[in-house]
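The structure appears below as structure tokens.
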Amino acid sequence: MATAKAWEVSDGFWSKVEPLIPKIRRDNDKGYHRRRGAGRKPMESRKIFEAIVYVLRTGIQWKALPKEYGSSSSIHRYFRKWETAGFFLKLWKKGLAEYDDLEGIAWRWQSIDGSMTKAPTAREAVGPNPTDRGKKWNEATHSRRRTWSPVVNRRDRSQQA
């Protein structure tokens, strides 16, 4: 028996998700000049949703999305459209309500754990480069002293060793 992977969308889950997906509306003020039957067909909503779940569950980059899901840039474009349409917020609310019906959520005991701060940049998190800290002693000069340099008369052979 094959085990389900964390990113696979079951038929039962899809039946609850499908009504929440925003419908594509055409702008009546915009002129569409496309011949009948020309251009690409729109992608299947289920395939798009499965690809988005795959990216979110595995943590891969959009460009690393397997080809079986389709064009990664198209999937990302749908992700942005659905996010601005409020799809993921509706999905979260519906899932929360369903969990409350099944298990019950003790709202008195819930607390939020998170941070709304900006992530530190690499320099803030790690600190300065350890090889660039402080002075380089071979370049430093002491106060009130000249830099030391040997005086050798190259013409006088008695001073050469």
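If you count by this note's numbering, then the sequence shown holds residues 1156 to 1316, one letter each, in order. Don't be surprised by glycine CBs; every beta carbon is placed ideally from N, CA and C.
- Task: Could you check the C-alpha separation between residue 1243 and residue 1200 for me, to the nearest Å?
- Result: 14 angstroms
- Task: Report yes or no: do three or more beta-carbon pairs, one from the region 1251-1263 and one from the region 1227-1239, lie closer than 8 angstroms?
- Result: no
- Task: Let me know if residue 1254 comes out buried or exposed under the rule of 16 or more other beta-carbons within 10 Å of its beta-carbon.
- Result: exposed
- By the 10 Å Cβ neighbour count, where 16 or more other Cβ atoms means buried, how is residue 1237 classified, buried or exposed? buried
- Using a Cβ-Cβ cut-off of 7 angstroms (strictly less than) and excluding sequence neighbours within five positions of residue 1172, which residues of its own chain qualify? 1204 and 1246
- Message: Taking 6 angstroms as the limit between beta carbons, can you name the residues of its chain near residue 1178, skipping five residues before and five after?
- Response: none
- For the alpha helix (DSSP H) containing residue 1239, list its first residue and its last residue. 1227-1239
- Message: So, with DSSP's three-state summary, where would you put residue 1174?
- Response: helix
- Helix, strand or coil: how does DSSP classify residue 1203 here? helix
- Message: Please report the distance separating the alpha-carbon of residue 1174 from that of residue 1219.
- Response: 29 angstroms
- Below 8 angstroms CB to CB, which residues in the same chain sit around residue 1202 once its five sequence neighbours on both sides are set aside? 1224 and 1225
- residue 1162 and residue 1213: beta carbons closer than 8 angstroms? yes
- Query: Given residue 1217, which residues of its chain have a CB within under 6 angstroms of its CB, disregarding the five upstream and five downstream residues?
  - Reply: 1227 and 1231
- residue 1208 beta carbon less than 8 angstroms from that of residue 1164: yes
- Query: Among 1234, 1257 and 1206, which one has its Cα closest to the Cα of residue 1222?
  - Reply: 1206
- Message: Give me the residue from 1180, 1258 and 1198 with the minimum Cα distance to residue 1240.
- Response: 1180
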